[in-house]
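Engineer: Listed in order, the protein sequences are those of chains V and H. Note that this note's numbering has the first sequence beginning at -4, numbered continuously upward. Note that this note's numbering has the second sequence beginning at 63, numbered continuously upward.
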Amino acid sequence: MTTTGESEKVLVFAAAAADADVIRKALEVEFPAIACSWEPDHAADDFDRHQPSIVILAFHKVETSEQYYLALFRNARSIAKVQHRTILLCNKDEVRAAYALCRGGCFDDYVQYWPVTFDQPRLAMSVRLAARELAACRNGGNDPRLGEMARAVEQVQPIFDRGLSHSDRCLIAADDAVRYLADGIGSAMQDAASGLGDRLVAMKAGSGVIREVKRHLGMLAEEKVLPQVREAANAIGPARESLAAAAAAVRPKLDAARKLAGEVASEPPTILIVEDEETQRRIYSHLLDRTRYNLAFASSGTEALKLATRRPPALILMDVMLPDLTGVEVTRRLKSSDTLAGVPVVMITGRSEREIVMQSLAAGAADFLVKPFTPQSLQQKVEQYIDPRVAA
Amino acid sequence: MSDHNAVELEVAVLHALVGEEAAVVAGLLSTYLNTLGQSAPQLICALAMRDSHGVCRAAHVMKSPSLCVGALLLGQLCGALEEAARAADWPRLDAVAPSFEPVLARTIRAVKLHIDVARRQVPA
């Protein structure tokens, strides 16, 4: 990475002003934005005020650091929102405990500092590495899993709209059916009354009888049949209201999820380029449109694994020969991780590296690109794994 | 082995890759010079110490950027050194190695010359 980290805000927490001051003096030449805090009662306020990106816990006991940091998490309002890295200072007798805490993810790094350190620049190096990681995270684009979620929300919206529209049509049809039924029964009763009246006239029944029969039929329709039809019609009303209320309740949430998904989807996908040679890195930067892709660079296998773990990229372009691990080994490790196994790895190889290509593919690499490549071949290879519509 | 037709710096190769904008070309060639400055001494040292892994690593680092910027002769030479070093084939390395330093020197001269030319084209 090219970021050097001088602008990172560093906050040193210590038990005494003298301890904090020693550390500040050791770091301030390289990291001028450094502040100290040594009053436990002011620790949370100090964090909120400085909003540091790198926190150094400079206590002589690891346990004190652990408790101090937990208290910060409880009391500092901004701690969960401020992206930061933690460096734990420890004495020589507690190196293993410090390592265990870092391994477990409580802190990001530790530096053996007391009673005396024989590696004076080690702390500055740790701060620098933390700054690089933060820079990579800031530039690292979105997690492809968020993209999947965005697509899922996009798929839910039309299903919801279709479901709602279908239910609405069903209710209208039911409403119409009841209305037709009511009309049908009404006119059937009228027809029956009129037909019966004609028959009674033919049978020379008295006008009083005819009136009575018609009145009785009218009453039968009004009191026995039509109330049941109206009841059926009325039952549709609450169903419609209930559906409208459910839609009103769900729609804002769906809209919010959709908006969020849209924002996530609008983040360009990240390509992690694992390449330790600067000319090559500059060529990648030049060839891959930064408005379409976030580019993150790792100069070693270890850095690649760390960056990929912190923020899974959409694609990894991997050089074969790296200073620490081989590209094949890094690929193998990536593929053994549940969260990273799905990230496509394209090996960048030379013409004479057929055997390495075979090993890479066996290790789980998705593809390979032979150097020196052309701008078109690189772009085609990238678009094979990142949908150009997503990256646009 | 190196191709006899290859030249110290075929800048058209770099132009085809990144275009002809003078500032971009000068910047990339400067970065390439830095790479040579770091890796060439490592390669020379590894050859002297007969450290095939070191030769392989340093030659690999120089090979790709050399081919990308158009330093074809050096790129091919590094490729040959890398391949021989990977096989720990010292007779082959001994045959190829003597041409490394002269080719390197000529390449550096050609690159510096082109950086000067490109910088003169960059608008002030």
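C-beta atoms are modelled at their ideal positions from N, C-alpha and C, and glycine is treated no differently.
1. Among H:L105, H:S101, H:Q104 and H:L76, which one has its Cα closest to the Cα of L91 (chain H)?
2. If you draw a straight line from the alpha carbon of R225 (chain V) to that of A251 (chain V), how long is it in whole angstroms?
3. Ignore the nearest five residues each way along the sequence and tell me which others in T(-2) (chain V)'s own chain have a CB closer than 7 Å to its CB.
4. Could you pull out every unbroken beta strand (DSSP E) segment of at least 3 residues lying fully inside the segment 285 to 324 of chain V, listed in chain order?
5. As a quick exercise: from V:R246, V:D41 and V:I343, pick the residue whose alpha carbon is nearest that of P153 (chain V).
6. Comparing C-alpha positions only, which one of H:Q138, H:H115, H:M124 and H:V86 sits nearest to Q100 (chain H)?
7. On the DSSP letters alone, give me the boundaries of the alpha helix (DSSP H) that T274 (chain V) sits inside.
8. Which bits of chain H does Q275 (chain V) rub up against, with CB to CB less than 8 Å?
9. State yes or no: is the beta carbon of E272 (chain V) nearer than 9 Å to at least one beta carbon in chain H?
10. Does the beta carbon of Q183 (chain H) come closer than 9 Å to any beta carbon on chain V?
11. Compare the Cα-Cα distances from V43 (chain H) to each of H:L134, H:P185 and H:A110 and report the closest residue.
12. Name the DSSP bridge partner or partners of M342 (chain V)?
13. Tell me which residues of the segment 356 to 383 of chain V have at least one Cβ-Cβ distance to chain H shorter than 9 Å, keeping chain order.
14. Please state whether DSSP places W109 (chain V) in a helix, a strand or coil.
15. State the Cα-Cα distance for the pair K219 (chain V) and V151 (chain V), rounded to the nearest angstrom.
16. How should G198 (chain V) be labelled, buried or exposed, when 16 other C-beta atoms within 10 angstroms of its C-beta is the threshold for buried?
17. Can you list the residues of chain H that H281 (chain V) reaches, using a CB-CB cut of under 7 Å?
18. Enumerate in chain order the residues of its own chain whose CB-to-CB distance from V325 (chain V) is below 6 Å, with the five nearest sequence positions on each side excluded.
19. Return yes when at least one heavy atom of the ligand MN lies under 8 Å from the C-beta of A252 (chain V), else no.
20. So which of V:L22, V:L52, V:F8 and V:E61 has the shortest CA-CA distance to H37 (chain V)?
21. Show which residues of chain H have a CB atom less than 9 Å away from the CB atom of M316 (chain V).
22. Only counting runs of 4 or more residues, tell me where the alpha helix (DSSP H) segments fall wholly within the segment 138 to 185 of chain H, in order along the chain.
23. Which residues in chain V have a C-beta closer than 7 Å to the C-beta of T97 (chain H)? List them in chain order.
24. Under the three-state reduction of DSSP, which class applies to F8 (chain V): helix, strand or coil?
25. When DSSP labels each residue in this structure, what does R112 (chain H) get in the three-state scheme?
26. Apart from the five residues on each side of it in sequence, which residues of its chain come closer than 7 Å, Cβ to Cβ, to E25 (chain V)?
27. Can you give the Cα-Cα distance for E82 (chain H) and S280 (chain V), rounded to whole angstroms?
28. Since I311 (chain V) contacts L290 (chain V) with CB under 8 Å, what's their CB separation in whole angstroms?
29. Within 10 angstroms of its Cβ, does G158 (chain V) collect 16 or more other Cβ (buried), or is it exposed?
30. When the Cα atoms are used, what is the spatial distance from A336 (chain V) to P263 (chain V)?
31. How is the beta strand (DSSP E) around C85 (chain V) delimited, first residue to last?
32. Tell me whether the beta-carbon of G322 (chain V) lies closer than 9 Å to the beta-carbon of M342 (chain V).
33. Rounded to a whole number of angstroms, what is the C-alpha to C-alpha distance between R148 (chain H) and H122 (chain H)?
34. By a C-beta neighbour count over all protein chains shown, 10 Å radius and 16 as the cutoff for buried, is D156 (chain V) buried or exposed?
35. In its own chain, which residues sit with a C-beta less than 6 Å from the C-beta of G141 (chain H), not counting the 5 before and 5 after it?
36. Can you give me the C-alpha to C-alpha distance between P185 (chain H) and L124 (chain V), rounded to a whole angstrom?
Structural biologist: Checking against the coordinates, here is how it stands:
1. H:L76
2. 40 Å
3. Here T(-2) (chain V) scores only 45 on pLDDT, less than 50, and its place in the model is too uncertain to base an answer on.
4. 289 to 293 and 310 to 314
5. V:R246
6. H:M124
7. E273 to L282
8. S126, P127 and C130
9. yes
10. no
11. Given a span of 63 to 186 for chain H in the structure shown, any question on residue 43 (chain H) remains unanswerable.
12. V:M313 and V:F363
13. K366, P367, F368, T369 and P370
14. strand
15. 46 Å
16. A small correction: the amino acid at residue 198 (chain V) is Met; Gly does not occupy that position in the sequence shown. So M198 (chain V) ends up on the exposed side.
17. V80 and V86
18. G296 and A299
19. This structure lacks the ligand MN; in fact it carries no ligand of any kind.
20. V:F8
21. C118, R119, H122, V123 and E144
22. 152 to 158 and 162 to 183
23. E272, E273 and T274
24. strand
25. coil
26. E1 and A119
27. 16 Å
28. That belief does not hold up - the Cβ atoms of I311 (chain V) and L290 (chain V) are roughly 12 Å apart, past 8 Å.
29. exposed
30. 21 Å
31. R80 to N86
32. yes
33. 10 Å
34. exposed
35. K125
36. 37 Å
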